[in-house]
Amino acid sequence: MVKGTLEVLLVNAKGLQDGDVLGKMDPYAILSCRSVRMCHEQKSSVKTGAGSEPEWNESFVFKITDDVTELHIKLMDSDTFTADDCVGEAKILLEPVFMEGKIPPTVYNVVKDREYHGQIKVSLTFIPDSPYHESPHKPPHKESFGGWKESATDY
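Quick note: the sequence shown uses our numbering, first residue 553, plus one each step.
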């Protein structure tokens with residue numbers, strides 16, 4: 553099980569399907585890391601009037617403490633007098649960032665009803681917890697090479 557801190561940089565989106573008839577849409581993103589037992593969710597700022605090409609450059613931090621395998625990003629259009637509309641979603645597998653530590657800004661498809669609805673650019677960084685901080689009840693890992701007793705010799 554992987555434990556640590558996931559840093560997400562939400563850069564921008566392009567080519568989003570603008571469903572607003574009057575004016576431009578006001579997009580925002582809901583980012584979530586889900587596991588069997590819990591869901592961590594954060595919301596970006598609303599980019600009023602940004603339409604299909606919003607720029608966020610916002611950072612989000614998630615504490616990974618469970619069996620989280622993907623980052624889910626749901627793009628929404630903020631509406632004043634009606635319920636917000638879903639623009640589309642992107643699911644990003646986290647195993648590559650767990651292995652590499654950092655994924656540079658990468659473009660992911662935004663999908664709604666199995667159809668392409670644009671793209672989103674995201675950068676990921678994972679900082680694993682130190683093994684010494686895994687559990688307060690576990691003693692620190694002992695080194696495998698000898699100490700003073702092993703180096704003492706009878707002359």
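Glycine included, every Cβ here is placed at the ideal spot set by N, Cα and C.
| Check | Outcome |
| --- | --- |
| For Ser682 and Met577, the rounded distance between their alpha carbons | 43 Å |
| CB contact flag (Val598, Tyr580, <7 Å) | yes |
| Local Cβ density within 10 Å of Lys615, reported as buried at 16 or more and exposed below that | exposed |
| Exposed unless 16 or more other CB atoms sit within 10 angstroms - verdict on Asp619 | exposed |
| Bounding residues of the beta strand (DSSP E) (the contiguous stretch that carries Glu605) | Counting along the chain, Glu605 falls outside any beta strand (DSSP E), and DSSP gives it neither H nor E. |
| Three-state secondary structure (DSSP) of Met553 | coil |
| Candidates Leu646, His669, Ser675, of which the one nearest Leu710 by Cα | The requested residue 710 is not part of the displayed model; the chain covers only 553 to 707. |
| Three-state secondary structure (DSSP) of Val649 | helix |
| Cβ distance (whole Å) where Gly653 is taken to contact Thr617 below 8 Å | Incorrect: roughly 18 Å between the Cβ atoms, too far for contact. |
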